[in-house]
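Residue 0 is where the sequence shown starts when you use numbering that gives the first Met the number 0, and the numbers rise one by one after that. Working notes for the structure below.
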Amino acid sequence: MKDKRKRIALFGGSFDPPHAAHIDIIFKLADKFDKVIVLPAHISPFKPKAKTAKADDRVAMLESVGFPENVKISHFELKQEGVSYTYLTAAHYAQKFPDAKLYFVIGSDGLAGLEDWKNADVLAATVRFYVIGREGFAVDDARVAELEAKGFRIKVSKLTCADVSSSAVKVALAFGKTDGLDAPVVDYIRAHDLYGEYKKITDRYGEFNMKPERIEHTFGATVTGIKLAKLNGVKVDDAVRALLLHDIGKYATDEMLSCYGIEVPEEVKALPPSVQHAPIGALIAEKAFKIRKKSILDAISCHTTGKPKMSKLARVVFMADFIEPGRTFSHVDELRAVTFRKLDLGVEAGLKRAIAHVTDDGGVLCPMTVEAYEYYALRNNPALRKQRKQKAASAKEEKKNVTAEKTEAKKAPKKTAAETEKRPAKTPKVKTVEKKKPFAPPENIETPEQLAKSIAYFLSEKKGRDVRILDIRSRSVLADYFVVGGAGSSTQVKALSEYVDEKLSKGYKIEPLHRDRDAKWIAVDYGSVIMHVLTDEMRAFYQLERLWSDGSNELPL
């Protein structure tokens with residue numbers, strides 16, 4: 000016999016503001032249920048610290064839409080103090096409609112942590128859950144079965160809704176866009192001047208000469224950052240503020256900076272020009288926009304270069320900038336998929352792609368980017384981490400044994416004078432030490448080590464300063480060896496590089512794969528060996544030897 004009880008849908012949320020997906024769901028529910036009760040939350044348990052529009056405004060925006068008669072906008076949760084827990088709301092309506100079948104509406108993404116809701120067992124006994132498919136979150140049948148085994152009653156609907164975010168809507172409003180909002184809601188927001196917090200930032204873009212295409216990029220990156228922040232447990236407002244300001248220094252002139260007492264540090268000026276705007280942007284965010292949160296400033300500062308041990312916020316900002324919808328480089332869709340699946344894998348792939356891009360374009364590669372790539376490649380590779388740990392443990396054990404031997408030797412009793420006298424005198428042996436021949440380039444270069452030593456030889460021959468060979472095989476996938484040489488001037492940097500190039504080309508038919516040219520630093524990639532020729536000033540600043548050597552991996556010349 001058919002159940003003739005009234006079917007009532009309870010649909011809760013912040014509705015801050017009510018966006019197109021909310022409104023679409025409410026209309027669809029009105030066609031399916033006898034009654035739909037829409038419940039704006041006083042304080043959402045999922046957003047306990049979030050700043051929301053006033054209750055009256057959120058209710059008025061919902062009422063402005065004009066829903067069917069069987070839809071009721073309820074003030075129940077708004078009248079309660081504290082967090083709006085669903086089990087209390089369900090209990091209230093179960094008492095009010097004892098003969099009705101109550102359904103609580105959730106998106107398919109809400110299935111993941113359903114049993115963690117406050118007093119979930121009480122809630123499960125009170126209502127059925129009506130699951131609506133949300134874009135990007137397929138309903139997991141196994142998960143449904145698992146919840147049902149725990150006492151949850153679940154009805155998976157054929158209804159679906161678009162993936163619209165209230166946070167993204169607020170950001171869109173700051174850019175003068177009304178994406179995801181119905182016309183009556185837009186009219187109400189404009190009439191009552193709501194959601195202007197982010198607009199205080201975007202309204203000042205002209206002050207720092209932000210160009211239209213850069214503003215559009217910033218919008219795309221910010222919306223992407225919202226999605227990544229939610230997926231990775233990062234505070235959305237922090238991600239939004241960092242991304243709204245991440246490129247604010249892109250076109251800022253010295254005159255603009257001086258208005259806020261900003262003087263660009265020398266270490267920033269020494270960075271490749273293409274990445275200087277990131278730390279400059281952090282200075283602007285702090286001085287001109289009064290951003291005080293260090294994690295936000297740090298995320299802005301390293302969004303172009305990356306760095307080892309980035310905070311999760313910084314990783315979100317780095318990748319949101321990298322994969323926003325306006326990016327069209329090859330394989331960007333694959334990079335997006337990887338990033339949304341696992342953030343750190345995206346960071347590793349993004350850094351690798353950044354290194355290849357700079358190298359292919361003949362730009363100057365920032366060592367911090369290489370260092371960051373090495374860090375995340377190692378972090379994402381358990382087998383390699385294990386190998387490194389074992390190697391470190393072996394070295395530690397060996398050092399411990401050597402120390403123990405020295406200690407035992409010290410403890411051994413000293414021989415008396417009489418014992419010493421009894422010992423027959425030894426005829427001193429004359430030790431013949433064969434003098435090691437200096438390295439000279441071989442007739443044919445057949446190994447990476449021979450190539451590295453030959454490059455070092457040619458640099459030294461041309462008066463390169465403090466030439467060193469670093470064995471990086473166990474530390475990097477970029478090459479087997481780095482050869483680093485210093486120069487007294489930009490002219491000498493060029494001369495040294497050209498000399499090595501000529502020697503290898505004419506003598507061995509070896510040509511470089513890539514050249515990164517800068518007046519003060521030239522990096523030449525020969526595949527298994529990368530040669531770095533820097534002025535003494537650049538060498539002292541970047542300290543490649545410190546980054547890539549611990550003293551045990553230098554080859555003798």
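The beta carbon of each residue, even a glycine, is placed where N, CA and C say it ideally should be. Only a predicted model underlies this, so the values are computations on that prediction, with no experimental measurement involved.
Cβ-based neighbour list, R240, same chain, cut-off 6 Å, excluding 5 preceding and 5 following:
Taking the sequence shown and counting its residues from 1, one reaches residue 240 at position 241. Here R240 has I295 as same chain residues with Cβ atoms under 6 Å from its own Cβ, once five neighbours each way along the sequence are excluded.
- Query: Are the Cβ atoms of A124 and I7 separated by less than 8 Å?
  - Reply: Along the sequence shown, one-based indexing puts residue 124 at 125. Along the sequence shown, one-based indexing puts residue 7 at 8. Contact: no.
request  = Grab the span of the alpha helix (DSSP H) containing Y187 for me, first residue to last.
outcome  = Reading the sequence shown from its first residue, position 188 is the one you call residue 187. Segment A182 to A190, the alpha helix (DSSP H) holding Y187.
Checklist entry - By the 10 Å Cβ neighbour count, where 16 or more other Cβ atoms means buried, how is P47 classified, buried or exposed? => result Within the sequence shown, numbered from 1, the residue matching residue 47 stands at position 48. With a pLDDT of only 48 at P47, under the threshold of 50, the placement of this residue in the model should not be trusted; the figure read from the coordinates follows. Classification for P47: exposed.
Thinking C-alpha only, which one of G65, P16, I283 and F207 is nearest S166? By one-based count along the sequence shown, residue 166 stands at place 167. The option with the nearest alpha carbon to S166 is P16.
Under three-state DSSP, which class holds D23? The residue labelled residue 23 in the question sits at position 24 within the sequence shown. Looking at D23 - three-state DSSP - the assignment turns out to be helix.
Burial state of F45, where buried means 16 or more other Cβ atoms lie within 10 Å:
Reading the sequence shown from its first residue, position 46 is the one you call residue 45. Residue confidence is low: F45 scores 49 on pLDDT, short of 50, so the model does not pin down where it sits. Its coordinate-derived value is still stated next. F45 is exposed by the Cβ-count criterion.
- request: Report the rounded CA-to-CA distance for G305 versus D202, giving the unit in angstroms.
  value: Start at 1 with the first residue of the sequence shown, and residue 305 comes out as number 306. Start at 1 with the first residue of the sequence shown, and residue 202 comes out as number 203. Looking at the two C-alpha atoms, the distance is approximately 28 Å.
By Cβ distance below 7 Å, which residues in the same chain neighbour W116 in space, the five residues on each side in sequence not counted?
Reading the sequence shown from its first residue, position 117 is the one you call residue 116. Non-local beta-carbon contacts of W116 in its own chain, meaning distances under 7 Å to residues more than five positions away in sequence, involve T85 and L122 in chain order.
Kindly list the residues whose CB is nearer than 6 Å to the CB of Y250, restricted to its own chain and excluding five residues on each side of it in sequence; keep chain order. Numbered from its first residue, the sequence shown carries residue 250 at position 251. The beta carbon of Y250 sits closer than 6 Å to those of N208, all from its chain and outside the five residues before and after it, given in chain order.
**Asked** What are the partner residues of H513, as DSSP defines its beta bridges?
**Response** On the sequence shown, position 514 is the one that residue 513 refers to. D524.
Report the CB separation of L227 from M309 in whole angstroms; it is logged as a contact under 8 Å. Mapped onto the sequence shown, residue 227 falls at position 228. Mapped onto the sequence shown, residue 309 falls at position 310. Contact between L227 and M309 fails: their C-beta atoms lie close to 13 Å from each other, not under 8 Å.
query: By the 10 Å Cβ neighbour count, where 16 or more other Cβ atoms means buried, how is F321 classified, buried or exposed?
result: As a first step, residue 321 is located in the sequence shown; it is residue number 322 there, counting from the start. Buried: at least 16 other Cβ atoms inside 10 Å.
For this session: Report the option in V483, S489, R514 and K502 whose CA atom is closest to the CA atom of S548.
Result: Translated into the one-based positions of the sequence shown, residue 548 becomes position 549. Among V483, S489, R514 and K502, the Cα nearest to that of S548 is on V483.
For S488, count the other beta carbons within 10 Å of its own beta carbon; 16 or more makes it buried, fewer makes it exposed. Which is it? Position 489 of the sequence shown holds residue 488. Exposed, because fewer than 16 other Cβ atoms sit within 10 Å of the Cβ of S488.
TODO: Measure the beta-carbon distance from L342 to Y375 and round it to whole angstroms, keeping in mind my assumption that it falls under 8 Å.
DONE: The count along the sequence shown starts at 1 and reaches residue 342 at position 343. The count along the sequence shown starts at 1 and reaches residue 375 at position 376. Contact between L342 and Y375 is absent: CB atoms are separated by about 10 Å, not below the 8 Å threshold.
The alpha helix (DSSP H) that contains V233, what's its start and end?
On the sequence shown, residue 233 is found 234 positions in, with the first residue counted as 1. Counting along the chain, V233 falls outside any alpha helix (DSSP H), and DSSP gives it neither H nor E.
Quickly, what does DSSP pair P381 with across the bridge? List them, please.
Reading the sequence shown from its first residue, position 382 is the one you call residue 381. Under the DSSP definition of a beta bridge, P381 lacks any partner.
For this session: Decide yes or no for the touch test of the segment 128 to 138 against the segment 155 to 171: beta carbon pairs closer than 8 Å, at least 3 of them.
Result: Yes: at least three Cβ pairs fall under 8 Å.
Q. Do the CB positions of G179 and A52 come within less than 8 Å of each other?
A. Counting from one through the sequence shown, the residue named residue 179 turns up at place 180. Counting from one through the sequence shown, the residue named residue 52 turns up at place 53. No, they are not a contact pair.
Worksheet item: Do D237 and K311 have their C-beta atoms within less than 8 Å of each other?
Response: What you label residue 237 is simply residue 238 of the sequence shown in a count that begins at 1. What you label residue 311 is simply residue 312 of the sequence shown in a count that begins at 1. No. Outside cutoff.
| said: Using C-beta distances below 6 Å, list every residue in its chain close to A298, excluding the 5 sequence neighbours before and after it, in chain order. | reply: Looking up residue 298 in the sequence shown gives position 299. Closer than 6 Å at the Cβ level, and outside the excluded window around A298, lie A241, L312, A313 and V316.
inquiry  = For F10 and L344, I'd like the C-alpha separation in whole angstroms.
reply    = The residue you call residue 10 lines up with position 11 of the sequence shown. The residue you call residue 344 lines up with position 345 of the sequence shown. For F10 and L344, the distance between alpha carbons rounds to 37 Å.
Under a three-way DSSP split, which group does S83 fall into? By 1-based counting over the sequence shown, the position of residue 83 is 84. Secondary structure at S83: coil, using DSSP grouped into helix, strand and coil.
For I283, which option in E347, T446 and I200 has the closest C-alpha, if you only look at C-alpha atoms?
Translated into positions along the sequence shown, residue 283 becomes position 284. Per the C-alpha coordinates, the member of E347, T446 and I200 positioned closest to I283 is I200.
Quiz item: Between which two residues does the beta strand (DSSP E) containing F103 stretch?
Solution: On the sequence shown, residue 103 is found 104 positions in, with the first residue counted as 1. Per DSSP, F103 is one residue of the beta strand (DSSP E) stretching across K100 to G106.
* **Limits of the unbroken beta strand (DSSP E) element including S156** => By 1-based counting over the sequence shown, the position of residue 156 is 157. S156 -> beta strand (DSSP E) spans I153 to C160.
Query raised in the report: Using the beta-carbon count (16 or more within 10 Å), is D181 buried or exposed?
Result: Within the sequence shown, residue 181 is the residue found at index 182, counting from 1. Classification of D181: buried, given that the 10 Å Cβ count is 16 or more.
Margin query: Any contact between the segment 93 to 108 and the segment 62 to 73? By contact I mean 3 or more CB pairs, one from each, below 8 Å.
Written below: Judged by pairs of C-beta atoms under 8 Å, the segment 93 to 108 does not touch the segment 62 to 73, as fewer than three such pairs exist.
Quick check on the DSSP output: the alpha helix (DSSP H) that includes A284 runs from which residue to which?
Reading the sequence shown from its first residue, position 285 is the one you call residue 284. Residues H276 to K286.
Identify every residue that forms a DSSP beta bridge with F481. The residue you call residue 481 lines up with position 482 of the sequence shown. As a beta-bridge residue in DSSP terms, F481 pairs with L469 and I529.
Check: Would a C-beta distance cut-off of 8 Å place Y197 and K169 closer than the cut-off?
Finding: As a working note, residue 197 is residue 198 in the sequence shown. As a working note, residue 169 is residue 170 in the sequence shown. Yes, these two residues count as a Cβ contact at 8 Å.
(Q) Beta-carbon within less than 6 Å of A281's beta-carbon, same chain only, minus the 5 sequence neighbours each way: which residues are those? (A) Residue 281 sits at position 282 when you count from the first residue of the sequence shown. By the criterion of a C-beta distance shorter than 6 Å, A281 is surrounded in its chain by L296, I299 and S300, once the five residues flanking it on both sides are discounted.
**Asked** Which residues mark the beginning and the end of the alpha helix (DSSP H) in which Y498 is found?
**Response** Position 499 of the sequence shown, counting from 1, holds the residue named residue 498. Its alpha helix (DSSP H) spans residues S489 to Y507.
Bridge partners - V35, DSSP secondary structure assignment: Counted from its first residue, the sequence shown places residue 35 at position 36. Answer is A8 and V70.
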